[in-house]
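A.B. asks: Position in the sequence shown (from 1) plus 602 gives the number in this note's numbering.
Handing you this structure, nothing more for now.
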Amino acid sequence: MEISPLSLARTQFALSLNFHVLFAAFAMALAWVLCLFKYQSNLRPDSAWTAAYRFWVRIFALSFFVALASALPVLVEFGVLWPALMERAGNVAGPIIACGITTVFVTKSVFFGVMLFGQRRVSPSAHLASVFMVALGLTATVFWEVVLQSWSHVPSGTVLVEGRLRVQDWIEVIMNSALIWCMLLYVTGGILTLGVLMQGLTAWQARRRPLEENERLVYRVGLYLTFVAIALQLFALDGSLRLMARIHPLAAASIMGYWDGHASPDMIWLGVPGDGEQANRVLIGTEGLAARWLGLDDDSKRIGLDMVAESTDLPAVNTLFYLARLIFVGTLFLLMMSILTVYMMWRRGEQAEKYPGWILRTQIWTAGLGAFIWLCVWNLMQTSQHAYFVSGMLLTGDLVTNASSYAIGAGLVVIGLLYLVLFSGFMQMLLHAARFGVVPVRKPGVKG
603 MEISPLSLAR TQFALSLNFH VLFAAFAMAL AWVLCLFKYQ SNLRPDSAWT AAYRFWVRIF
663 ALSFFVALAS ALPVLVEFGV LWPALMERAG NVAGPIIACG ITTVFVTKSV FFGVMLFGQR
723 RVSPSAHLAS VFMVALGLTA TVFWEVVLQS WSHVPSGTVL VEGRLRVQDW IEVIMNSALI
783 WCMLLYVTGG ILTLGVLMQG LTAWQARRRP LEENERLVYR VGLYLTFVAI ALQLFALDGS
843 LRLMARIHPL AAASIMGYWD GHASPDMIWL GVPGDGEQAN RVLIGTEGLA ARWLGLDDDS
903 KRIGLDMVAE STDLPAVNTL FYLARLIFVG TLFLLMMSIL TVYMMWRRGE QAEKYPGWIL
963 RTQIWTAGLG AFIWLCVWNL MQTSQHAYFV SGMLLTGDLV TNASSYAIGA GLVVIGLLYL
1023 VLFSGFMQML LHAARFGVVP VRKPGVKG
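Take a look at the structure:
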């Protein structure tokens, strides 16, 4: 059976977006952690904070360039896979993309070099300022990305005139009702990815040799970050799902597995979704708890999937349902592991090499779980739009390229291999640095 060009285009674009947002969120979170490391290093020269900064700044440099490089295919795919998109939405998307590109290149050109190579050329305070500006610039770049993403969910401040979007109010476009929740999810995704990776990488080192002071520090910071990220993520998901219930009530009903609008809105923590005729198979549930995250019609009655007209296509019910459960199970697992780690610190101190081997092995094998949860959250939000590129205005089917399935499929294979090479290189560099440490970086002519 031949796969449609639309399905292949969606798959390729989703792959590119997932790869980019993973590294962009990670780099943004790491930039702010490096600010903390550098600030503490200035207060305590030659301390564990200094060694931690020197190690993780190399990881940041690579993740920054991977995030930057992965943004290029996304920009190209806007025109190649969706050629009509910029024609119809260019009045909105064009200036926002231009702001993002300008921000990242100003950050890279002015401050990034000082951060990486100027530590011996400038004062400690000036170097700290450059680290701060890189973190701020990267956050601003992510902000413009989130503006475009959140506006596509809530296209306020624009009108559709003769098939093209026109801006009526830029303040409404930028400060749309979804912005704060999307930005908070992006931030928590980066923090969670970084915190879990820090613990997993340090656990890998602890399995090989006794940890140094800076590595124990990183392990502790990673644990704190994980707790903070989980707390913020629960808050952000609550707000995002309540907003989704208003703007995408069918997607909200799909996430909750709510078929019958007259039934009790039970929360299904674990289960298998039904198909409308067959009831959900509930393994673990709570009666009446899902009402908070379900949409209401004009009569203040809950909207279930059975209330949709026959001519209306349902969202990807199974995809939305299972993504939400993966987020729940993964987050619960990380919370339990974090609590267990705190208990081990209380009983045995901060020397992780003395912890039971199964705890360290679990942290090693789940070092990427934070990234996995972040991508599940991202795809949950994106899948809620169903068939729309811009909710209620532009359908993806009206914007897709006329290229054949074979051409798009070939592009998907090539871009997939490219991302595989980039990810493999990043992981090899990360493990090499964890095993052998890092070599101080300085430009020729700079005296140590």
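We put the CB at the ideal spot given by N, CA and C, even for glycine.
None of the values given here were measured: they were computed from a predicted structure.
Looking at the unbroken alpha helix (DSSP H) that takes in residue 641, where does it start and where does it end?
C.D. replies: Residue 641 -> alpha helix (DSSP H) spans 607–645.
A.B. asks: Mapping the DSSP letters down to three states, classify residue 861 as helix, strand or coil.
C.D. replies: Here residue 861 sits in coil by DSSP.
A.B. asks: If I follow the unbroken alpha helix (DSSP H) through residue 795, where does it start and stop?
C.D. replies: Where residue 795 is concerned, the enclosing alpha helix (DSSP H) stretches over 781–810.
A.B. asks: So is residue 851 buried or exposed if we call it buried at 16+ other beta carbons inside 10 Å?
C.D. replies: Buried, because 16 or more other Cβ atoms sit within 10 Å of the Cβ of residue 851.
A.B. asks: Grab me the residues of residue 620's own chain with a C-beta within less than 6 Å of its C-beta, minus the 5 sequence neighbours each way, in chain order.
C.D. replies: For residue 620, where only same-chain residues beyond five positions count, the Cβ hits under 6 Å are 977.
A.B. asks: Just to check my reading of the structure: residue 897 and residue 926 have Cβ atoms closer than 8 Å, yes? What is that Cβ distance to the nearest angstrom?
C.D. replies: Actually they do not touch by this definition, with Cβ atoms about 16 Å apart.
A.B. asks: Might you give, ordered along the chain, the residues of its own chain that have their beta carbon closer than 7 Å to the beta carbon of residue 808, omitting 5 neighbours on each side?
C.D. replies: The answer, listed in chain order, is 954, 955 and 962.
A.B. asks: Under DSSP, the alpha helix (DSSP H) around residue 871 begins and ends at which residues?
C.D. replies: First-last for residue 871: 869–874, but that is the beta strand (DSSP E), not the alpha helix (DSSP H).
A.B. asks: Output needed for residue 986: all residues of its chain with C-beta closer than 6 Å, excluding positions within five of it in sequence on either side, in chain order.
C.D. replies: So the qualifying residues of the chain are 846, 850 and 853.
A.B. asks: For residue 772, which residues of its own chain have a beta-carbon under 7 Å away from its beta-carbon, when the five flanking residues on both sides are left out?
C.D. replies: So the list reads 759, once near-sequence residues are dropped.
A.B. asks: Which term fits residue 739, buried or exposed, when burial requires 16 or more other beta carbons within 10 angstroms of its beta carbon?
C.D. replies: Buried: at least 16 other Cβ atoms inside 10 Å.
A.B. asks: Buried or exposed: residue 1017, going by 16 or more other Cβ atoms within 10 Å of its Cβ?
C.D. replies: Its Cβ being crowded by 16 or more others within 10 Å, residue 1017 is buried.
A.B. asks: Whole angstroms is fine: what's the gap from residue 943's alpha carbon to residue 736's?
C.D. replies: Cα to Cα, residue 943 sits roughly 32 Å from residue 736.
A.B. asks: Evaluate the contact criterion for the region 799–807 versus the region 964–980: three or more CB pairs, one atom per stretch, below 8 Å.
C.D. replies: Output reads yes: the region 964–980 touches the region 799–807.
A.B. asks: What residues are listed by DSSP as bridge partners for residue 676?
C.D. replies: Paired residues: none, contrary to the question.
A.B. asks: Do residue 639 and residue 655 count as a contact pair if the criterion is CB distance below 7 Å?
C.D. replies: Yes, they are a contact pair.
A.B. asks: Is the Cβ-Cβ distance between residue 996 and residue 690 less than 7 Å?
C.D. replies: Taking 7 Å as the Cβ cut-off, residue 996 and residue 690 qualify as a contacting pair.
A.B. asks: Looking at the structure shown, is residue 776 part of a helix, part of a strand, or coil, going by DSSP?
C.D. replies: Helix.
A.B. asks: Buried or exposed: residue 890, going by 16 or more other Cβ atoms within 10 Å of its Cβ?
C.D. replies: Label assigned to residue 890: exposed.
A.B. asks: Go ahead and label residue 869 buried or exposed: buried means 16 or more other beta carbons lie within 10 angstroms of its beta carbon, across all protein chains shown.
C.D. replies: Result: buried.
A.B. asks: Since residue 823 and residue 635 should fall inside the 8 Å C-beta cutoff, what is the C-beta to C-beta distance between them, to a whole number of angstroms?
C.D. replies: Yes, residue 823 and residue 635 are in contact; Cβ-Cβ is about 7 Å, under 8 Å.
A.B. asks: Is the beta carbon of residue 787 sitting closer than 7 Å to the one on residue 979?
C.D. replies: In this structure, residue 979 lies closer than 7 Å to residue 787 by Cβ.
A.B. asks: Report the rounded CA-to-CA distance for residue 721 versus residue 660, giving the unit in angstroms.
C.D. replies: Whole-angstrom Cα-Cα distance: 14 Å.
A.B. asks: Which of the three DSSP states is assigned to residue 769 in this structure?
C.D. replies: Looking at residue 769 - three-state DSSP - the assignment turns out to be strand.
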